[in-house]
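Here's the structure we're looking at; comments come further down.
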Amino acid sequence: MNRYLIKGLSLTISGILCVYFSYILMGEENNWYKLLMTVGVILFGWGFITLIYRIFRKIDRNSILDDRQNKKK
Numbered sequence: 155m156n157r158y159l160i161k162g163l164s165l166t167i168s169g170i171l172c173v174y175f176s177y178i179l180m181g182e183e184n185n186w187y188k189l190l191m192t193v194g195v196i197l198f199g200w201g202f203i204t205l206i207y208r209i210f211r212k213i214d215r216n217s218i219l220d221d222r223q224n225k226k227k
């Protein structure tokens, strides 16, 4: 697996978990949910951007490899 895929998935999952636990804290009227919600949204966003970056890198790599194969022929 690609390092961007692993990093993106781990950040996205940790962001989702932070948001989930912040909703639990919000129900208990604990003020820490605000900080946890902010961290969760940032982690989720960063993970999602990393996953999108991985997809673009893979598409670019495949197009470069196809171009090289076409030049050999």
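Residue numbers (the numbering used here): 155 to 227. Glycine included, each C-beta is placed from N, C-alpha and C at the ideal position. Model, not experiment: these values are computed from the prediction.
- Outcome for residue 189 when other beta-carbon atoms lying within 10 angstroms are tallied against a minimum of 16: For the purposes of this step, residue 189 is taken as residue 35 along the sequence shown, with counting starting at 1. Exposed, since its Cβ has fewer than 16 Cβ neighbours within 10 Å.
- Query: Straight-line CA distance for residue 206 to residue 219?
  - Reply: Taking the first residue of the sequence shown as position 1, residue 206 is located at position 52. Taking the first residue of the sequence shown as position 1, residue 219 is located at position 65. Near 20 Å, if we compare the C-alpha coordinates of residue 219 and residue 206.
- Query: Can you list, in chain order, the residues of its chain whose CB lies under 6 Å from that of residue 181, leaving out five sequence neighbours each side?
  - Reply: The sequence position of residue 181 within the sequence shown is 27, counting from 1. Excluding positions up to five away in sequence, the list is empty.
- Task: May I have the straight-line CA-CA distance separating residue 158 from residue 208, to the nearest angstrom?
- Result: Your numbering for residue 158 matches position 4 in the sequence shown. Your numbering for residue 208 matches position 54 in the sequence shown. The alpha-carbon of residue 158 is positioned some 6 Å away from that of residue 208.
- Query: CA-CA distance, residue 174 and residue 156?
  - Reply: Counting from 1 along the sequence shown, the entry for residue 174 is found at position 20. Counting from 1 along the sequence shown, the entry for residue 156 is found at position 2. Near 27 Å, if we compare the C-alpha coordinates of residue 156 and residue 174.
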